[in-house]
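Here the structure comes first, spelled out in structure tokens, and everything after it is commentary.
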């Protein structure tokens with residue numbers, strides 16, 4: 002099914018101007034393609050790596066955040082304890098003394114497969130005879146050499162990578178589920194429903210997100226707000242890091258992603274009535290702590306926004322309805338393998354609409370501004 006066509010042809014909607022929102026809308030179709038075309042390959046790769054003694058997840062930028070979610074999924078879903086996520090720059094330059102063997106598996110995540118340090122990570126793995134896996138976009142520009150290749154999505158035209166990130170997380174989810182000894186109840190049915198569910202997430206949250214983005218942009222423009230925090234736990238920590246990165250590269254705001262408890266150990270002291278704190282709060286062990294922090298930051302005058310399960314009642318009375326982004330529930334058996342994506346997509350939408358309200362181009366990584374375009378000559382990605 003071409004879900005993106007359904008969304009982009011909605012009545013009374015102006016055709017999307019920027020590539021970022023087109024990519025967000027196309028995510029349900031990309032997930033469907035993975036299930037229909039890539040899943041047998043994912044099963045083969047899972048079978049090839051299941052005997053590995055240690056799993057390294059390697060990426061840079063947004064792909065590093067995917068690597069951290071991969072680490073989380075392999076621990077929490079696949080039951081693998083010997084896992085570690087690395088920034089590819091550190092991985093290839095010695096970091097903490099990586100000593101690869103042929104019993105290790107190195108999983109490299111890269112949107113296009115062409116970033117120099119991610120490519121070098123593959124070469125390092127292959128030089129040490131470790132099992133190497135490259136998770137990258139279709140028509141990759143990289144050279145996977147002897148790596149096991151899993152394709153994610155079409156190459157993105159926007160520099161604000163969204164669809165490739167979501168697709169990479171879905172691939173990691175499927176790999177983790179394949180490596181799990183006992184499959185969760187109804188996991189096949191739930192997984193097959195995920196693309197349509199993500200479409201419903203877009204439809205059900207977009208209107209409220211537009212309103213939130215408009216209000217935030219107005220306050221930032223008037224200097225009533227000066228900085229923004231995103232706070233989460235578990236896989237939500239890395240969604241917080243990712244969305245903070247995305248807001249910085251699309252809206253150019255001062256924005257920081259933090260683990261929920263880490264926020265209290267320093268960053269809270271910089272919180273004031275000029276701050277916005279976005280809490281990423283799927284069901285789980287961090288809900289009560291989130292309630293504590295909502296009360297804490299409100300006490301010093303900060304603006305709060307909560308992204309939560311639509312059935313979560315513990316925030317009732319703590320925040321107003323216009324401060325909540327309610328994420329539809331896929332299943333009562335839903336676990337972190339699915340919520341990682343369900344809670345990411347609304348925040349991608351928030352990133353996009355915040356940029357639109359602030360009048361910035363979310364696609365260009367500031368290459369449309371001569372100062373920044375000229376500055377980029379000093380480095381190579």
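In our numbering, the protein residues as written are 2 to 382.
Glycine included, C-beta positions come from ideal geometry on N, C-alpha and C.
In this structure, DSSP gives residue 110 an extended state, which the three-state scheme calls strand. Rounded to whole angstroms, the Cβ separation of residue 169 and residue 182 is 24 Å, and the two are not in contact under 8 Å. Assignment of residue 257 by DSSP, reduced to helix, strand and coil, places it in the strand class. Between residue 20 and residue 312, the alpha-carbon positions lie close to 33 Å from each other.
According to the DSSP assignment, residue 208 belongs to no beta strand (DSSP E) but to the alpha helix (DSSP H) extending over 188-222. Residues of the same chain with a CB within less than 7 Å of the CB of residue 80, apart from the 5 flanking positions on each side, are 181 and 182 in chain order. For residue 142, the three-state secondary structure derived from DSSP is coil. In the DSSP assignment, the residues bridged to residue 87 are 59.
Distance check between residue 324 and each of 381, 217 and 363 places 217 closest, using alpha-carbon atoms only.
Here residue 289 is exposed. Its C-beta has fewer than 16 other C-beta atoms within 10 Å. The beta-carbon distance between residue 225 and residue 358, rounded to whole angstroms, is 14 Å. This is too long to meet the 8 Å contact definition.
Counted as a single uninterrupted DSSP element, the beta strand (DSSP E) harbouring residue 136 occupies residues 132-137.
DSSP, reduced to helix, strand and coil, places residue 71 within a helical segment of the structure shown. For residue 276, the enclosing beta strand (DSSP E) covers residues 276-282. With respect to the 8 Å criterion, residue 29 and residue 196 are classified as neighbours on the basis of their beta carbons. Less than 8 Å divides the Cβ of residue 151 from the Cβ of residue 39. In this structure, residue 201 keeps its C-beta atom at 8 Å or more from the C-beta atom of residue 41. Beta-bridge partners assigned by DSSP to residue 304: 277. Checking the DSSP bridge columns, you'll see residue 230 partnered with 257 and 278.
Around the beta-carbon of residue 266, fewer than 16 other beta-carbon atoms lie within 10 Å, marking it exposed.
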